[in-house]
Amino acid sequence: MSNTGRSREGARSRTQIILLFVALIVFIMLLFANFAYLNTQSNYDKQYIGHAGELRVLSQRIAKNATEAAAGKTQAFKLLADARNDFDVRWGYLRKGDPATGLPAAPDLIRDELRTVQRDWEGLRKSTDVILASEQTVLSLHQVAATLAETIPQLQAEYEKVVESLLQSRAPAAQVVVAQRQALLAERILGSVNTVLAGDETAVQAADAFGRDASQFGRVLNGMLEGNATLRISQVEDRDARARLAEIAELFEFVSGSVDEILETSPELYQVREASGNIFNTSQTLLDETSVLTNSLENMAKRRTVNTIGGYVLGLLALMSIILIGLVMVRETNRQLRETAQKSERNQTAIMRLLDEIENLADGDLTVTASVTEDFTGAIADSINYSIDQLRELVVTINLTAEQVAAAVTETQATAMQLSAASEHQALQISAASTAINDMAASIDQVSTNASESSAVAERSVAIANKGNEVVHNTIHGMDNIREQIQDTSKRIKRLGESSQEIGDIVSLIDDIADQTNILALNAAIQASMAGDAGRGFAVVADEVQRLAERSSSATKQIETLVRAIQNDTNEAVISMEQTTSEVVRGARLAQDAGVALGEIEGVSRVLAELIESITDAAHQQAESAGQISQIMTVIQQTTSQTTSGTSATAESIGNLAKMASEMRRSVSGFALPSSKKAG
Numbered sequence: 001m002s003n004t005g006r007s008r009e010g011a012r013s014r015t016q017i018i019l020l021f022v023a024l025i026v027f028i029m030l031l032f033a034n035f036a037y038l039n040t041q042s043n044y045d046k047q048y049i050g051h052a053g054e055l056r057v058l059s060q061r062i063a064k065n066a067t068e069a070a071a072g073k074t075q076a077f078k079l080l081a082d083a084r085n086d087f088d089v090r091w092g093y094l095r096k097g098d099p100a101t102g103l104p105a106a107p108d109l110i111r112d113e114l115r116t117v118q119r120d121w122e123g124l125r126k127s128t129d130v131i132l133a134s135e136q137t138v139l140s141l142h143q144v145a146a147t148l149a150e151t152i153p154q155l156q157a158e159y160e161k162v163v164e165s166l167l168q169s170r171a172p173a174a175q176v177v178v179a180q181r182q183a184l185l186a187e188r189i190l191g192s193v194n195t196v197l198a199g200d201e202t203a204v205q206a207a208d209a210f211g212r213d214a215s216q217f218g219r220v221l222n223g224m225l226e227g228n229a230t231l232r233i234s235q236v237e238d239r240d241a242r243a244r245l246a247e248i249a250e251l252f253e254f255v256s257g258s259v260d261e262i263l264e265t266s267p268e269l270y271q272v273r274e275a276s277g278n279i280f281n282t283s284q285t286l287l288d289e290t291s292v293l294t295n296s297l298e299n300m301a302k303r304r305t306v307n308t309i310g311g312y313v314l315g316l317l318a319l320m321s322i323i324l325i326g327l328v329m330v331r332e333t334n335r336q337l338r339e340t341a342q343k344s345e346r347n348q349t350a351i352m353r354l355l356d357e358i359e360n361l362a363d364g365d366l367t368v369t370a371s372v373t374e375d376f377t378g379a380i381a382d383s384i385n386y387s388i389d390q391l392r393e394l395v396v397t398i399n400l401t402a403e404q405v406a407a408a409v410t411e412t413q414a415t416a417m418q419l420s421a422a423s424e425h426q427a428l429q430i431s432a433a434s435t436a437i438n439d440m441a442a443s444i445d446q447v448s449t450n451a452s453e454s455s456a457v458a459e460r461s462v463a464i465a466n467k468g469n470e471v472v473h474n475t476i477h478g479m480d481n482i483r484e485q486i487q488d489t490s491k492r493i494k495r496l497g498e499s500s501q502e503i504g505d506i507v508s509l510i511d512d513i514a515d516q517t518n519i520l521a522l523n524a525a526i527q528a529s530m531a532g533d534a535g536r537g538f539a540v541v542a543d544e545v546q547r548l549a550e551r552s553s554s555a556t557k558q559i560e561t562l563v564r565a566i567q568n569d570t571n572e573a574v575i576s577m578e579q580t581t582s583e584v585v586r587g588a589r590l591a592q593d594a595g596v597a598l599g600e601i602e603g604v605s606r607v608l609a610e611l612i613e614s615i616t617d618a619a620h621q622q623a624e625s626a627g628q629i630s631q632i633m634t635v636i637q638q639t640t641s642q643t644t645s646g647t648s649a650t651a652e653s654i655g656n657l658a659k660m661a662s663e664m665r666r667s668v669s670g671f672a673l674p675s676s677k678k679a680g
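As numbered in the UniProt record's numbering, the sequence shown has no gaps in its residue numbers, which increase by one up to the final residue, 680.
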């Protein structure tokens, strides 16, 4: 078989395998999609069936609770409302789906069953709403009936006691008959109430009868208490009987008050009973229909287009695809094995032919040329021919290079000897330069030391100036305190002068009072002398007052003299204080000027210290630089010595290189080259 035929057959097999793999992937994807769909639908079916089963239970629960609610049980109304709401919710899940769980609406396969249940549920729901809407009425009416059931037997018992009292008091027979008839009428009232509560077709007539009987009972009771000529009832005279009739009247007030309520609510109660009956009848039908719905949901999986059988078919197709892929791959493998065996045989023949052609190459014969064929060894033969050509050129190049190296080595060896002599001379010059640099470094170190000492002196000058500045500031602060104290003392002395002025005013006032007193004493003495003997005692008092006035006047003059002396001293003290304050201010100003001068000295000293410190740093840097230069020169000297040694070694190596070039020429002399290469 030709290469073209084999290629076509291989391409056809690969195409078949690819198509079968694609089909297998498609079948597997469809299989998983089918199973996923069936699993989802199965979960939906379980939820549908669960809701439908609950609807069956709820239909009977609604009927039971409706009957109990119509009978007046309070708890039944709540249970009925819960059952109705639960039925509504679950029915909504079947018809519209449940967004919370992702449940969709029931499929159209059960559309007829859903429509039937919906029709009956609407009727049952309306009846349920009627019962729930009448909750208060039903409960109230049953409460009234329960109270009547307790009250009416009490009325009967009381009337029996009234009959006994009438018989004992030998009352008229007509009164006894009326009392007995009232007990029977109470029994009939109770029966009418029970008929109304039954809610059947006679409930309305029973309510009317209850109203008439209650009215008749009330009129007769009133006639027995007060008498009624129309009813031909005479008033009961017996005290015990009247007391019991009064108790009966109190009990009957509830009965008479309930008449209107029973008459008004009896039609509504009839509707409730009718709705309860409808619910009971419809619930059985609804139970049957929800059962049918449940069965339809359970059988719905068999009616779907996509079901388990489709999954089995897809699985079988996938298995068949795997088998076909295996068969095609086995066939392709066998074909490739046959082609590999044939190709291996052809390659073995080509390899042996190539080895025969390049056998002389191992002996250094570069004139060999390998045959280039269409077999896989053709590329190898071409590469070998290329390698032989490159090897030929390499041998020629080595020969030429060896000759050139030998010539260059001779020249390089002479240059190396000259370089060695120059390196020795350079080492001597570097040694002298290194000594000079070391001397310069020592001088720079001395300059740096002197600069450091100058910097320390400048720093002490700055510290002393700073301390003097602080002393001046403290002196200024002390003078400011003295000035403030002097000013405060001056103010106090001024206030003392003002106080002494006030004392002078008071002394003047006392002097005026003494003058007035002296005048009054003279007047009193004159009046006493005019009075004769009667005024003699008063004259003595007037003389004493006059002497006291004169002494007061003398004392005030002395005080006035002292006050003037105090005022003069105070004024002189104030003037002295003001002069002292001026001197203190001037001294503070001079101290401040001294502080400014010290501050300038401190600034100059600080600048000088900074300059000296800069000089010190520069000297240190120069000393360090000189040391580094000295070290560098030492390194250069060492390097020069090494260069000298290296140059000598290089000269020896160059000699060895010449020997190696000769050896290289001898090593390639064994290769046989074509005549054209030798000439080149």
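We put the CB at the ideal spot given by N, CA and C, even for glycine.
Coil, strand or helix - residue i by DSSP
| i | result |
| --- | --- |
| Leu317 | helix |
| Ala66 | helix |
| Arg8 | helix |
| Asp238 | coil |
| Ser554 | helix |
| Gly603 | helix |
| Ala549 | helix |
| Arg170 | coil |
| Lys467 | helix |
| Ala146 | helix |
| Ser371 | coil |
| Asn518 | helix |
| Lys46 | helix |
| Ala71 | coil |
| Asn85 | helix |
| Asn295 | helix |
| Ile279 | helix |
Same chain, Cβ closer than 6 Å to residue i, five either side skipped, listed in chain order
| i | result |
| --- | --- |
| Phe77 | Ala69 and Glu135 |
| Ala524 | Ala542 |
| Asp231 | According to the sequence as given, residue 231 is Leu; it is not Asp. If we look at Leu231 and ignore the five residues flanking it on each side, its Cβ neighbours are Gly223. |
| Ser490 | Val574 and Met577 |
| Thr580 | Ile486 |
One or two residues paired with residue i in a DSSP bridge
| i | result |
| --- | --- |
| Ile233 | Asn228 |
| Asp98 | Leu103 |
Contact with chain D by residue i, beta-carbon distance below 8 Å
| i | result |
| --- | --- |
| Arg492 | This model lacks chain D altogether; it includes just one protein chain. |
Close-in-space but distant-in-sequence residues of the same chain around residue i (CB under 7 Å, 5 per side omitted)
| i | result |
| --- | --- |
| Gly53 | Thr294 |
| Val585 | Arg483 |
| Gln16 | Val328 |
| Thr290 | Ala52, Leu55, Arg56, Ser59 and Val117 |
| Leu79 | Asn65 |
| Asn571 | Gly497 |
| Asn466 | Glu602 |
| Glu424 | Thr644 |
| Glu613 | Ser455 |
CB-CB length for residue i against residue j, believed under 8 Å
| i | j | result |
| --- | --- | --- |
| residue 683 | Ile248 | The structure shown does not extend to residue 683, since the chain is modelled only from 1 to 680, so the question has no answer here. |
| Val372 | Asp382 | 5 Å |
| Ile189 | Ile152 | 6 Å |
| Ile131 | Ala275 | 5 Å |
| Asn228 | Arg219 | 7 Å |
Cβ neighbours of residue i in the same chain (closer than 8 Å, five flanking residues each side left out)
| i | result |
| --- | --- |
| Arg331 | Ser13 |
| Leu20 | Ser321, Leu324, Ile325 and Val328 |
| Gly595 | Asn469, Val472, His473 and Ile476 |
| Thr74 | Leu139 |
| Ala105 | Leu94, Arg95, Lys96 and Gly97 |
| Arg246 | The residue you asked about is not Arg; residue 246 is Ala in the sequence shown. Same-chain partners within the cutoff: Leu225. |
ask   = At which residue ranges does the stretch 104-134 contain complete alpha helix (DSSP H) runs of 4 or more residues, listed in the order of the chain?
value = The qualifying runs are 111-133.
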